[in-house]
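Participant: I have a structure here, written as structure tokens, and I will follow up with some questions on it.
Residue numbers (the UniProt record's numbering): 1 to 229.
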């Protein structure tokens, strides 16, 4: 038998290709790096088809007993996704009980297939997002991004024009000053008499004062006569 390629799953979770020159299932523990074959056995077999027009029969070998800190960190597909392995594990492709080569690229496709197809699930998620985004495209919206039926559609998607319009509306123009309807009382200021000129008083002023004094005396005398009587 010619040499084949198999995969070594190291305990830190990395996978590397390794060449197997002779096929002896009982000696596979040596390829995994163990000193004895105790506990090293076949864990599971997957039958996988329709991958690039090829079919595969994948076997996993490993140990389920070991010391602490020797746990294998690789996450295998079901049904051994919850099985705890210790040390290195081997992945071998077999056809009619004869081992055939397996590359890391092929195992990546097989791994996705065994998990249900990660890429297909991702595509479905994108389609769902597109459907959700198209659901409200035909719903009339307000400038604030709210649907007119009362449900919020997109609060953050506001155009720059909306913001500029709101700022412009907030700037108030100054009101014109009203002209006062009341006229200020005119105050007539008299100029001081700088030359100390005497102000002339009209003669009729004294005549009026004397008449008022005479009348005052007459009224007083009448009161005295009445009191005396």
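Glycine is no exception: its CB is placed at the ideal position from the N, C-alpha and C atoms.
1. Starting from residue 23 and walking both ways along the alpha helix (DSSP H), at which residues does that stretch end?
2. Considering only DSSP beta bridges, list what residue 57 is partnered with.
3. Could you pull the DSSP bridge partners for residue 95 from this structure?
4. Taking the straight line between their C-alpha atoms, what separation do you get for residue 98 and residue 91?
5. Taking all protein chains shown into account, decide if residue 106 is buried (16 or more other Cβ within 10 angstroms of its Cβ) or exposed.
6. Do you know how far the Cα of residue 28 is from the Cα of residue 243?
7. Check the DSSP bridge columns for residue 71 and list the partner residues they point to.
8. Candidates 72, 19, 88: which alpha carbon is nearest residue 100's?
9. Less than 7 Å between C-beta atoms, sequence neighbours within five positions excluded: which residues of the same chain meet that for residue 43?
Facilitator: On the basis of the coordinates in this document:
1. Looking up residue 23 in the chain shown gives position 23. Counting along the chain, residue 23 falls outside any alpha helix (DSSP H), and DSSP gives it neither H nor E.
2. Residue numbering aside, residue 57 sits at position 57 when the chain shown is read from its first letter. Looking at the DSSP output, residue 57 bridges to 47.
3. Along the chain shown, one-based indexing puts residue 95 at 95. When DSSP reads this structure, residue 95 sits in a beta bridge with 98.
4. For the purposes of this step, residue 98 is taken as residue 98 along the chain shown, with counting starting at 1. For the purposes of this step, residue 91 is taken as residue 91 along the chain shown, with counting starting at 1. Cα to Cα, the separation comes out at about 14 Å.
5. Walking along the chain shown from the start, residue 106 turns up at place 106. Residue 106 comes out buried.
6. Any property of residue 243 remains undetermined from this structure, which presents the chain solely from 1 to 229.
7. Locating residue 71 in the chain shown gives position 71, counting from the first residue. Answer is 86, bridged to residue 71.
8. Position 100 of the chain shown, counting from 1, holds the residue named residue 100. The candidate whose alpha carbon is nearest that of residue 100 is 19.
9. Within the chain shown, numbered from 1, the residue matching residue 43 stands at position 43. Closer than 7 Å at Cβ, skipping near neighbours: 60, 61, 62, 80, 83.
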